[in-house]
Structure formats: structure tokens, C-alpha cells
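Working notes, structure below.
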Amino acid sequence: MKFNRIITVLLLSAVCMTSQQTTNVSAHVTDTVVSNQSTIEDDNVECALEQLEVTSVASVVSGASVVSGQGIEAFTGEMVTLKTKLAASSVSKKIIKTEEKKSTKKKKRTVKKYTAKELKLMSCIIYCEAQGEPYAGKMAVGIVVANRKSSKLFPNTIKGVIYQKYQFGPTRNGSMAKALKMYEAGKFNSSSAKACIKAAKAVLNGTKKVTYRSKTYNLSNYHYFSTKVKNARLRIKHHQFK
8 MKFNRIITVL LLSAVCMTSQ QTTNVSAHVT DTVVSNQSTI EDDNVECALE QLEVTSVASV
68 VSGASVVSGQ GIEAFTGEMV TLKTKLAASS VSKKIIKTEE KKSTKKKKRT VKKYTAKELK
128 LMSCIIYCEA QGEPYAGKMA VGIVVANRKS SKLFPNTIKG VIYQKYQFGP TRNGSMAKAL
188 KMYEAGKFNS SSAKACIKAA KAVLNGTKKV TYRSKTYNLS NYHYFSTKVK NARLRIKHHQ
248 FK
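For the sequence shown, counting from 1, position 66 maps to 73 in the working numbering; every step adds exactly one.
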């Protein structure tokens, strides 16, 4: 609407003024267009468009001159070019915003579900209970700990579950304390320890299944393990689980 209004004003003014004034303003508007065009950047197209409109209107209102047919044609062409650039810029910004939203969604999917302290505790209890077990056995121990945390029958924190009275031997015989010191000192780097950290991360991120001897087992409702468990449903090397 702004653009159409300006063109109408320019045409009406052209009828009322002399041919000499027409020539002067034609040059003035053309210079204005060229001047504005040279300073346009992708991020300032809209600003340049508004500046061109304001400058042209001011020129007519002041009565300094009148735009000729040639001047109007140049002015019109420049306005169309600016509007085209503005539209292209708008599309580009929408594409960028869409990509940013996709990137944000991807980041949200990879957000960790656990704290550094929880990872340390889980890695160390797995190490103490299953350092000599296969990876499936390490995972299974971690899953039991995580399942207890989610159950109303047990404490609702990783630390609470691990240190619950009479539940995990390593917290009573000193091996858990030693493992924690190793972890904190940066010495938790043997192949077995690294496998325990890997298992802990998987469990804390929600993994409930283990694969052992080419079979996959869902341990989502397992809450107990030991070398011998009454009514055990699964055995992985030295441990029984239910």
C-alpha cells in the first residue's frame, strides 16, 4: 500500500510542474536510487526500502521538483528490486530459523538423563559387583540398581539404592570406597573399568535389555541378583537374576 500511495503522489505532482523541474527531479530521484542501491546489504534491505520511499516523498512534498516519466520508471524499477530482495531475505530467514529449530530438537534428544555423581556411583557399584562378568552381566547389575530406584519398594535415588542397609556387600566391605577413590583420582581406566562406565551410561539413559549368548532379555522388572537367587529367571555367568 505504501508503494502504491507514493507512485500516485508522484504522478499527480508531475502533471502540475514544468518540464524543466521534471528534468531536475528525474536526476534527483535517479541519484537517490543509485545512492541507496550502493549501500544496501542483505540484512538492511527493508531499511533501504523505507529510506527510498521517505526520500522520494519528501522531494515531492517540498515542491523542489517533479518526477518525469523516465524518473518514475527508474524509481519503480528500484522499488520492485528492493521488494524482491526483501522477500528473498524473508525466505532465507525462515529457512535459517527452521534449521535452528531442527538443531535444537536434536540437541534435546541427546541431553543426558543423569548427573556426574550418578554416573560415578553406578560405574563403581557395577565394577565392584561385576568387574569379572561379561558386558551383559555388567549391564544386568546396573539395570537392577536402576529398577530399584524406580520402584516404590526401594529408595528413589541411585545413592539411596546402593547404600540401602544390607543390600550391596561392596558398601560394607570397603570395595565400594576404594572404587570411588580410583574413579575420583582418574585411575578408573582399565578395560574392565571402562566397560563398567559404558554399561552405567547405557543403564542411566534407560536401557533395559541385555544380549547374552545371542539371546536378548528384557530386565525391566528385575530387582534382585546374587550368586544364588531363589526362583531366578536368568543366569549370566556367576550371577542369577530375577
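Just so it is clear, CB atoms sit at the ideal spot from N, CA and C, and this is done for glycine as well.
Because the structure is a prediction, the values reported are computed rather than measured.
| Query | Result |
| --- | --- |
| Collapsed DSSP secondary structure at Ser42 in the structure displayed | Residue placement at Ser42 cannot be trusted, given a pLDDT of 47 that sits under 50; the coordinates are not used to answer. |
| Top-ranked residue by Cα proximity to Ser158, from Thr234, Val236, Leu241 and Ser227 | Ser227 |
| With 16 other Cβ atoms within 10 Å as the buried cut-off, status of Val67 | Caution applies to Val67, whose pLDDT of 43 falls short of 50 and renders its modelled position unreliable; the model cannot decide the point. |
| Test item: CB-CB of Gly167 and Lys156 under 9 angstroms | yes |
| Continuous alpha helix (DSSP H) stretch holding Leu211: start and end | Ser198 to Leu211 |
| Cβ-Cβ separation, Glu125 to Val211 (assumed contact under 8 angstroms), whole Å | The residue asked about is misnamed: residue 211 is Leu in this sequence, not Val. Right, their Cβ atoms sit about 6 angstroms apart. |
| Helix, strand or coil at Leu128 [DSSP, three-state] | helix |
| Other residues of its chain near Tyr231: CB distance less than 6 angstroms, five sequence neighbours each side excluded | Lys249 |
| Cα-Cα separation between Gly139 and Lys108, rounded to whole angstroms | 45 angstroms |
| Proximity test, Cβ basis, 9 angstroms: Arg240 and chain D | Here there is only one protein chain, and chain D is not present. |
| Gly193 burial status per 10 Å Cβ neighbour count (16 or more: buried) | exposed |
| Alpha-carbon to alpha-carbon, Thr105 and Pro177 | 51 angstroms |
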